[in-house]
Structure formats: structure tokens, C-alpha cells
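Q: Line by line, the protein sequences are chains A and B. In this text, residue positions in the first sequence follow our numbering: the first is 1, and each later residue adds one. In this text, residue positions in the second sequence follow our numbering: the first is 173, and each later residue adds one.
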Amino acid sequence: MKKDQFILSAIVNNHFGVLTRVSGLFARRGYNIDSLNVGVTENPKYSRMTIIVTGDEYVKEQIVRQLAKLHDVKKVQIMPDDNTVKREHLLIKIKASSERRAEINTAVSIFRGQVVDFHTDSMTVEMTGEPSKVDAFINYCEDFGILELCRSGALAVIRGEESLSIDEEDNE
Amino acid sequence: MKLTGAQIIVETLIEQGCDTVFGYPGGAVLVIYDELYKNSDRIRHIITAHEQGAAHAADGYARVTGKVGVCIATSGPGATNLVTGIANAYLDSTPLVAITGNVPLSLLGRDSFQEVDIAGITMPITKHNYIVKDVRDLANVIREAFKIAKSGRPGPVLIDIPRDVQAASCDFERADVVNKFPYPKTNKQSVEEAVELINSSKRPYIYSGGGVVLADAGETVLELAKKIDAPIGCSMMGLSAISADYKGMLGMTGMHGTYHASRAKQEADLIIAVGVRFSDRATGNISKYSKNAKIIHIDVDSAEIDKNVTTYLGILGNLNDVVKAITDKVEPRQNPEWFAEIEKMKEHAKTPDDYKTKLVPRTIIEKVQEYTTPDTAVATDVGQHQMWTAQYYKFRNPRTFATSGGLGTMGFGMGAAIGSCIGRGEKKTVLFTGDGSFGMNLNELATATSYNLPLVIVVMNNKVLGMVRQWQSLFYGKRYSNTTLNRKTDFVKLAEAFGATGLRATTVEELDKALETAFEIDTPVLIDCHIEMDEMVLPMIPPGGSIDDIIIK
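1. Roughly how many angstroms separate the alpha carbons of B/G606 and B/L627, rounded to a whole number?
2. Check whether the region 593-608 of chain B touches the region 553-571 of chain B, taking contact to mean three or more Cβ pairs, one atom from each stretch, closer than 8 angstroms.
3. Using DSSP with H/G/I as helix, E/B as strand and the rest coil, what is B/K174?
4. To the nearest angstrom, report how far apart B/R335 and B/I244 are at their CA atoms.
5. How would you label A/T50, buried or exposed, when you count the other beta carbons within 10 angstroms and need 16 or more for buried?
6. Using a beta-carbon distance below 8 angstroms, is A/Q77 in contact with chain B?
7. Give me the residue from B/A618, B/Q541, B/G189, B/A178 with the minimum Cα distance to B/K322.
8. Who are the Cβ neighbours of A/P80 in its own chain at under 8 angstroms, not counting the five residues just before and after it?
9. Counting only the same chain and skipping the five closest in sequence on each side, list residues whose C-beta sits under 8 angstroms from that of B/S278.
10. Using a beta-carbon distance cut-off of less than 8 angstroms, what residues from the region 61-72 of chain A approach chain B?
11. Listed in chain order, which residues of the region 28-41 of chain A have Cβ atoms closer than 8 angstroms to some Cβ of chain B?
12. Please name the residue in B/L254, B/I723, B/A667, B/R315 whose C-alpha comes closest to that of B/A710.
13. Would you mind sorting B/E476 into buried or exposed? The rule is 16 or more other CB atoms within 10 Å of its CB.
14. Check whether the region 417-437 of chain B and the region 530-542 of chain B touch, using three or more Cβ-Cβ pairs below 8 angstroms as the test.
15. Spatial neighbours of B/L637 within its chain, please: CB distance less than 6 angstroms, with the 5 preceding and 5 following residues excluded, ordered by chain position.
16. Using the C-alpha atoms, what's the distance from B/S451 back to B/S459?
17. Cα separation between A/D56 and B/L396?
18. Report the rounded CA-to-CA distance for B/V393 versus B/I204, giving the unit in angstroms.
19. Find the nearest neighbour of B/S341 within the set B/R375, B/K305, B/V329, B/D348, judged by alpha-carbon distance.
20. For the candidate residues B/K660, B/A672, B/G597, B/D493, whose alpha-carbon lies nearest to that of B/T358?
21. Taking the continuous beta strand (DSSP E) assigned at B/T272, which residues delimit it?
22. My understanding is that B/N569 touches B/S412, with C-beta atoms under 8 angstroms, so please give their C-beta distance in whole angstroms.
23. Hey, is A/G24's beta-carbon within less than 8 angstroms of any beta-carbon in chain B?
24. In chain order, what residues of the same chain have a beta carbon less than 7 angstroms from the beta carbon of B/D343, not counting five sequence neighbours either side?
25. Starting from B/G327 and walking both ways along the alpha helix (DSSP H), at which residues does that stretch end?
26. Compare the beta carbon distance of B/V472 and B/R325 with 8 angstroms and say whether it is the shorter of the two.
27. Please report how far the alpha carbon of B/V313 lies from the alpha carbon of B/T544, in whole angstroms.
28. Tell me the start and end of each unbroken alpha helix (DSSP H) in the region 457-503 of chain B that is at least 4 residues and wholly inside, in chain order.
29. Closest to B/G587 by CA distance: which of B/K599, B/E598, B/P546, B/I629 is it?
30. By the 10 Å Cβ neighbour count, where 16 or more other Cβ atoms means buried, how is A/I11 classified, buried or exposed?
31. Identify which residue in A/K95, A/S98, A/G24, A/S35 has its Cα closest to the Cα of A/I151.
32. For B/Y302 and B/D332, which I take to be in contact (beta-carbon distance under 8 angstroms), what is that distance rounded to the nearest angstrom?
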């Protein structure tokens, strides 16, 4: 992650329109979303959003407070950089001529990826890791020729017992 | 008890303490209007000339009564006509519930006749909004909408209800009036810190804003001011919360505020800002803004703290409780030297009082004040007349001022004044407006006369868009692009055509006579006051400037 990037986690109502509300807030206040991931939580009433944002201290403070004002946002937190497990998933399709396959295979195994599809001239690799590791792998693949790639955006949880989950009582 | 969606709407509105709604019927709300018809003895519906008027009326009603304003419109154009009114309420934090009908569920998303995605459109200008797709959710959605509208920093909530959901039925159980969400918790230590800061300050200054009106905290703030002998400057939205009779009341600060209110704020060593949001119109150039002062910012909305101005100490919570807690602990004191300095500031910007014999804006406002009581409500439109009202009218009672602050909506005045009249029964409301603003929504004269409202409309008619002209005069080389209206409209005849009384004033004597008549009758009166087109609103701190750039003459 870049120096002025931070990860924001939010527990939101699992409704239609909530994603628009959140992304609309970012857009109209001029804050940049670098990646956004959303999925349902252990409680189907709520979804969890993990958003990577670029911004200074001012943006950091404001975005948390503005998000917290949305009725559909139940909890919001900036993830502590040094105490957070971060993972991102990558699917990447690389040009794979027969001469370079061995080289690619080595790289995939060093980065602990997996080949999930294989064609005469291409290979699709999946890989999971910290966003910085995903960056590094993509960088390395450029030399082979990237046909397409998609990244999931980061997921993040705090280490230890602390959690963002909602206590039903404190939400009434 | 099994009820239809429309019945649930009416029952839940009544249950939540709403006895008046403003609106305009149409295809997608026919079922609701049928229920309003059947329940007209329990809930009053005010039909305006245009949905925008209904939204502004609900807004004005909420401002003067402190209740949640409610407006209803049909789908499509009915709903979009509410948009300016909703945005206006959002920027001034007025509690409002807007109900719109929509096409039946099966037609949603197909660009059906009179279909718009009003929930999508109003997302950035509401605290929250809903599309109700199941009648079983309806009652609770309405309750929650009231709760959100009035909790914390108030604001508008929109509920979009497809036509078939209004017609479907389900079980209904009555509930109580919803409570507000709890206020944000106040950090006790920051209260202590505030007390320390106040005790050790030499030139304390209270900056009171619209939040003080919304929280009905005027008395509380005044108590603090008296105990620590501090002057009070208001943002425009803060006017009326604290009586102009307090000796330390300096009036409005900001772009068109009084010289001494803005100068004293600049010279203060401590600013206690209560319920303000430091808008650009109020601060001017942020980098030069009150550099010498530490700022304590007390607000209910955490996002306001450090948003526009970096504060020394932010305190969250219910304004009334926080200010009371500070007042209890702070040491009583007198600041004669500080007030002597302020007196000097007042002298500095003193203008001669030879205006009184001429029909100039200040004379008009002060004349009107002679006929009103402290309890008379005042509404304005937007522009020069609005600033003159804020500068010269002496507000004494809370919630007697309805003006469009954040959005600056020309055309707000008629709707707001109607809402004010409806909210205050027999008591008079005065609307100060200009020929430009009035021209935008003068159709609402029809509403005012239909309901025989006790409304006095004072049109400051200079035949130009005065505020824009002023900027063109000062900053655009007197190139009066599209601001010289010179319309042929005869406002006196126009008023009469609508069924109101129309009067004209070109001299102070004529104004006196007109006001005498206007305050004798209980139905709408319009007074067309002719003023010079080059009257300016002064003082003025140019946009992006500071108190040192102020134009006084």
C-alpha cells in the first residue's frame, strides 16, 4: 500500500442501494476509492465493505465521520496498518509461449499462486496475498505479457479478538 | 386491524403528531388523497400552487413550529418539483418528511409514464430515503423517517411509495411517537477543558448558529454569555435564537455581517462556536480567519468539527446540555475592557441616520418592525432584501425567522411564509422579498389568498436582480448582464388579480399608510416598495477576503 493509502471497513445494511449511497458519498465529496469490496457477513442483515482510500489526515477524519452519518452504515473503522490481516485475490491471464512456461511456473510457485487454466498460448493464474504481493506479481508478469487481469480489492480484519461485528442490542 | 397502505400513511402520520401536510395531488397518490379526503377532520391538507411551494411551506412550517414538516407529491414531475425544497431543507437542517407516490411495482424501472427514480435523485440531499416495496414495511418506515428527520442534526427524509403498495393492505398496530436517537456522548473532560479555556481567556466571543435555533438552546447560550460577559455574534441561520436586546448582541457576522460582529470575532482570543458550520459565506478566507483565537466548537454533528475550520477543541453532544454544563462550572466575570474595544468598533462603522426620511431598504425594514411584535414571524427570499432583513430587523423571539441559508433559494419565501402562517395560526407573518425572488414563485399568492392567510408581503422592488447587480458593479466592471429586469409587471394589480390586497409605496409616508392598512386586515396584503437599483448591501467582505478587506461605504 502506498503511503497515503488507508483501509476502511464498514458494516452496512444488506439492502439494495447501500453501495450507491456509500460510493456516492465518496464521489460528491471528492474522495478517491482505490478499491472497494463488499459481501454479506455472518449476519445476513449486514454486509461488510472494505475500501482502500487515498487521502491525507483530513480526508481520513472526514470520510469516517461522513460515513458514520449514513443511516445504512452501522459501524465504520480505519484498519490499523500494523495490526491488520490484509488479503487480495488475483486472477491473471498471461501469454505463455512454450519457451517461457517453465519460467512462469517458477514464478507462480515462488509467489504461491496456482495455475487454474491452461491453453496453447495462455495461462490463467490465481493468487492470494497482501495487496503489495499482488502488485509485485503483476509487475513480474508484465514481462510475459498480460492478456487480462482482475483483482478482488483488499479484504481486511484486525488480528486478535477484536471485531467489527454488530451487537444486536447496541443497535436498537 | 387491517388497513390499506394509504390508510397506514394517514394513521401513522397522525400517530406521529402530524396534523398538517402540504402537497399536490396526482395520479400516483390518488389513493392517499382519497384517505386524506375521508380524514380531513383529523389531518389538514394544504394545497399549494406548485410542489416546490409545498416543500418550502413544509420547511417554513417546521422552522417556526419546531415540528417535522410533511409534504406529499405525485410521481415524476411532482417528485422532481420537490427537489429544490428538499435540498433547501437539507442544507439548513430542517426536519422534513417528503412522501412521493410512484408507478406500480411492476412498472418500476421501465421508464413508465411519470416515473422517475426520486430516491436516486434525492440521495445526496436527504439524510436517508426509502422505496417501500412491501406494504408490511410501510408503518415502520414512516416512523423511522420521523425519527431520522428529527434526531441529531435534523434534515429531510424521503419515502417513495409505489401506487400498488398504497392500495395493498396488511395488519396495522398503533405505536407511540418515536423518540429521537440518543445524542452523541459528550466527553466530560472536554467540557472541563472548555471551562479552563474560558476562564483564562481575555476576549471571549460566542458565535451562535442555526444549531442553537434547532436545539431551542437560545436561552442556554444567553445564560453562558451573561455569566462570562461575552459578546455574541450570529451566523445568519443563528438569528432569532437570542434576543437582539442583549447588550452584547452584535448581530450577524460574515460576508454581510455588521462590522463590529466580524471585527470582534477577529480580535477575540477565544471563540465559543455553538451549532455553526463555518460556511464560506460566514468565514471568508479560511487562512486569515480569526487567527488570534482558539476555537471551541460545540456541535451535534461530529462531521462538522474540523471540517471547514480547524478547531482547538471540539465538543460533541446536545447543545443545551453541553452549554449548560460549561455555564455551571465557569467562573462569573466582567470584561469591561473588551466591551470598550467593541464599542470603538461600533463607532468605526457608524453610518449617518439621515436615511430615515428616504424610502431606502433600512427604512423599510425598520418601519415594518414598528408594526410587528416580537412574536411576528419573518420570512425572506434570497438576495439583497434578505441581507438587509438580517442586518436591520431586530429578532427577539426564537423561531421567528425563516430564511434560506445554505442553498440560497430564490423563490423560497412565498412557500416558507405560507408554512409559517399555517404553523402559527392567527399570528401575522411578514415576508420580505425582492422583485426577482418574488417573480420565481409568486404563483403561491393563490395559496395565500385561498386560505386567507395573515400575510404581509413587502416587495423591495428595484427592477433589477440587486445582489447579482451589486457583484457586477463591484467585480465585473458594471457590465449588467441579464440583471436589469425592468419588467412591466404591476405588483399591485397582480396582488389584486390573485385576490389579495395590493398597495404601493414610493415614499416613507406612503409606506406608513400601507403598513397601517396591512396590519389591520387579516388576509394577504402585498406592498410594492420602490427602491433605487444601486442600493448596495454593506458592509461586505468580498468573497475569499477577510475582515481587513471589508467594504463599509
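Beta carbons are placed, not taken as given, at the ideal position from N, Cα and C, and that holds for glycine.
A: This is what the structure gives:
1. C-alpha separation (whole angstroms): 16 angstroms.
2. Counting Cβ pairs under 8 angstroms, three or more are found: they touch.
3. B/K174 falls in the strand class under three-state DSSP.
4. Separation of B/R335 and B/I244 (C-alpha to C-alpha, rounded to the nearest whole angstrom) is 13 angstroms.
5. A/T50 is buried by the Cβ-count criterion.
6. With 8 angstroms as the cut-off, A/Q77 does not count as an interface residue toward chain B.
7. Among B/A618, B/Q541, B/G189, B/A178, the Cα nearest to that of B/K322 is on B/G189.
8. Within the same chain, A/P80 has close Cβ partners I158.
9. D336.
10. Those residues of the region 61-72 of chain A that come within reach of chain B (Cβ to Cβ, closer than 8 angstroms) are E61, Q62, R65, Q66, A68, K69, L70, H71, D72.
11. Residues of the region 28-41 of chain A with a C-beta less than 8 angstroms from any C-beta of chain B: R28, listed in chain order.
12. According to the sequence displayed, residue 710 of chain B carries Leu and not Ala. Ranking B/L254, B/I723, B/A667, B/R315 by Cα distance to B/L710 puts B/I723 first.
13. With 16 or more neighbouring CB atoms inside 10 Å of its own CB, B/E476 falls in the buried class.
14. The region 417-437 of chain B vs the region 530-542 of chain B: no contact.
15. The answer, listed in chain order, is G608, T655.
16. Each residue's Cα considered, the two are about 14 angstroms apart.
17. A/D56 and B/L396: Cα-Cα distance of roughly 37 angstroms.
18. The alpha-carbon of B/V393 is positioned some 43 angstroms away from that of B/I204.
19. Answer by Cα proximity: B/K305.
20. It is B/D493 whose Cα lies nearest to the Cα of B/T358.
21. Annotation for B/T272: the continuous beta strand (DSSP E) segment containing it runs 268-274.
22. The Cβ separation is near 7 angstroms, so the contact holds.
23. Against chain B, the CB of A/G24 has a partner CB under 8 angstroms away; the residue lies at that interface.
24. Closer than 7 angstroms at Cβ, skipping near neighbours: M173, K174.
25. Counting along the chain, B/G327 falls outside any alpha helix (DSSP H), and DSSP gives it neither H nor E.
26. A contact, by the Cβ cut-off of 8 angstroms.
27. Each residue's alpha carbon lies about 42 angstroms from the other.
28. If we require 4 residues or more, the alpha helix (DSSP H) runs fully inside the region 457-503 of chain B come out as 491-501.
29. Ranking the options by Cα distance to B/G587, first place goes to B/I629.
30. Looking at its Cβ environment, which holds 16 or more other Cβ atoms inside 10 Å, A/I11 is buried.
31. For the record, residue 151 of chain A in the displayed sequence is Arg; it is not Ile. Considering only A/K95, A/S98, A/G24, A/S35, the residue with the shortest C-alpha distance to A/R151 is A/S35.
32. Contact holds; Cβ gap of about 7 angstroms.
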